[in-house]
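A short write-up of the structure that comes next.
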Amino acid sequence: MADTTHGPGGLSPAGATLLEHYRGQVRTRRIYTILVVIGVLVALFAAMSYANSANSGKFFERLPYMFDFIKNFMPRDPFEIFRAMFGIESPYFDGSAKYDYTSSNIYLTDTFYIPNFIYQLIVTVNIAVVSTIIGGTFAFCLCFFAATNLVGAGAVRWVVRRIMEVMRAFPEIVIAGLLTAVLSIGPIAAIAAVSLHTVGALGKLFFEVVENADMKPDEGLKSVGASWLERVRYAIVPQVMPNFVSYGLLRMEINVRASTIIGAVGGGGIGEVFRLSIGRDYAAQTYAIIILLLVTIIAIDQFSGWLRGRLVGDASLNFGKASV
Numbered sequence: 244m245a246d247t248t249h250g251p252g253g254l255s256p257a258g259a260t261l262l263e264h265y266r267g268q269v270r271t272r273r274i275y276t277i278l279v280v281i282g283v284l285v286a287l288f289a290a291m292s293y294a295n296s297a298n299s300g301k302f303f304e305r306l307p308y309m310f311d312f313i314k315n316f317m318p319r320d321p322f323e324i325f326r327a328m329f330g331i332e333s334p335y336f337d338g339s340a341k342y343d344y345t346s347s348n349i350y351l352t353d354t355f356y357i358p359n360f361i362y363q364l365i366v367t368v369n370i371a372v373v374s375t376i377i378g379g380t381f382a383f384c385l386c387f388f389a390a391t392n393l394v395g396a397g398a399v400r401w402v403v404r405r406i407m408e409v410m411r412a413f414p415e416i417v418i419a420g421l422l423t424a425v426l427s428i429g430p431i432a433a434i435a436a437v438s439l440h441t442v443g444a445l446g447k448l449f450f451e452v453v454e455n456a457d458m459k460p461d462e463g464l465k466s467v468g469a470s471w472l473e474r475v476r477y478a479i480v481p482q483v484m485p486n487f488v489s490y491g492l493l494r495m496e497i498n499v500r501a502s503t504i505i506g507a508v509g510g511g512g513i514g515e516v517f518r519l520s521i522g523r524d525y526a527a528q529t530y531a532i533i534i535l536l537l538v539t540i541i542a543i544d545q546f547s548g549w550l551r552g553r554l555v556g557d558a559s560l561n562f563g564k565a566s567v
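Using my numbering, read the sequence shown as starting at 244 and increasing by one per residue.
As structure tokens, then:
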């Protein structure tokens, strides 16, 4: 007598139904994936068609030559990049600014000097560091008033969160453009613009970390009559500080790039000399600036990892690596 309790493949009727349901979900997901890919391709084609029409039909025509600029934008020899970076006299110097790497050096003594690009990079990093410290300090003070688990008054949280949203609503370059009318062109306007945006951006990250903190230490301090400031200081801050530092250092990386962009529109620092170099077709100087910026970002990233390891311990950072 045949066994009617199992379907094809030895599955029970319930198992066969479950398998068919799973296969139906897989088919549905594949259909959705195909539709999404088609939608992205249609949107991409529409965007490229618009670019082509906006460029008088030259977009698709010039597309194969997209990297010609990089190929042709090369220094006379690779060592020119390092001569420009460290302010060393070029053997190709002909009296023009293109090969003049020494006149802008900052001399501290008769013989010791700081190369101009490194000096401008120091200015940019200073703008980023000062902006991060100012913005991070205000964000640290405001974030606790925006956290749901620390402030019972909804009106206080609403006001603080809206302030942060307004501060991060506009890019730094827009804020800098508004402030230059008041503070004039220079690093001060750049610091003010980056600081304001940093308050809003870090404030949001900080209060989200606070809301995910373990509240048992807070409850213990509250039960023995600790004030709100004491609970924040001894129950919350020790938990969230490693994440605060990590976010702060990440924000400093972002602020270095933001300070460079603002410098290109009058904020001073390496962004201004980068704009002039690439606009005047100074290949060696342009590549020197790009390398300096890249090295700076890598150095900040390495410092961030080292400092976080000191704060939370290497064991916490390496947790789970053995299972990878």
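Idealized CB from N, CA, C, for every residue including glycine.
- Rounded to the nearest whole angstrom, the CA to CA distance from V403 to A478 is 22 angstroms.
- Counting along the chain, the unbroken alpha helix (DSSP H) around N359 starts and ends at N359 to A389.
- The region 341-353 makes contact with the region 316-330; the number of CB pairs closer than 8 angstroms reaches 3 or more.
- In the structure shown, Y350 falls within a strand segment according to DSSP collapsed to helix, strand and coil.
- Between F381 and V442, the alpha-carbon positions lie close to 6 angstroms from each other.
- Here the C-alpha atom of E454 lies approximately 51 angstroms from the C-alpha atom of Y308.
- Taking C-alpha positions only, G282 is separated from L306 by approximately 23 angstroms.
- Bounds of the alpha helix (DSSP H) holding P485 are V480 to I505.
- With a 10 Å radius around the Cβ and a threshold of 16 neighbouring Cβ atoms, E515 comes out buried.
- When the beta-carbon positions are compared, N369 and Y356 stay at least 8 angstroms from each other.
- Partner residues in the beta bridge of Y356, as assigned by DSSP, are Y350.
- In this structure, the alpha-carbon of G397 lies about 43 angstroms from that of T271.
- Here the alpha carbon of F383 sits roughly 12 angstroms from the alpha carbon of N486.
- By the Cβ test, the region 493-506 is not in contact with the region 285-294, since fewer than three Cβ pairs between them sit closer than 8 angstroms.
- Comparing alpha-carbon positions, the option among V399, I377 and D337 lying closest to M495 turns out to be I377.
- Apart from the 5 residues on each side of it in sequence, I504 sits with its Cβ closer than 8 angstroms to the Cβ of E415, I416 and G514 in its chain, given in chain order.
- Looking only at F336, S466, D461 and L493, the smallest Cα-Cα distance to R476 is reached by D461.
- Looking at R319, F310, M484 and N359, the one whose alpha-carbon comes closest to that of F336 is R319.
- Pairing K459 with S374, the inter-Cα distance amounts to about 35 angstroms.
- Our two residues, V452 and L537, have alpha carbons roughly 30 angstroms apart in a direct line.
- For the region 389-435, the continuous alpha helix (DSSP H) assignments of 4+ residues that do not extend past its boundaries occur at 397-412 and 415-426, in sequence order.
- Each residue's CA atom was taken as its position, placing T539 and R474 some 38 angstroms apart.
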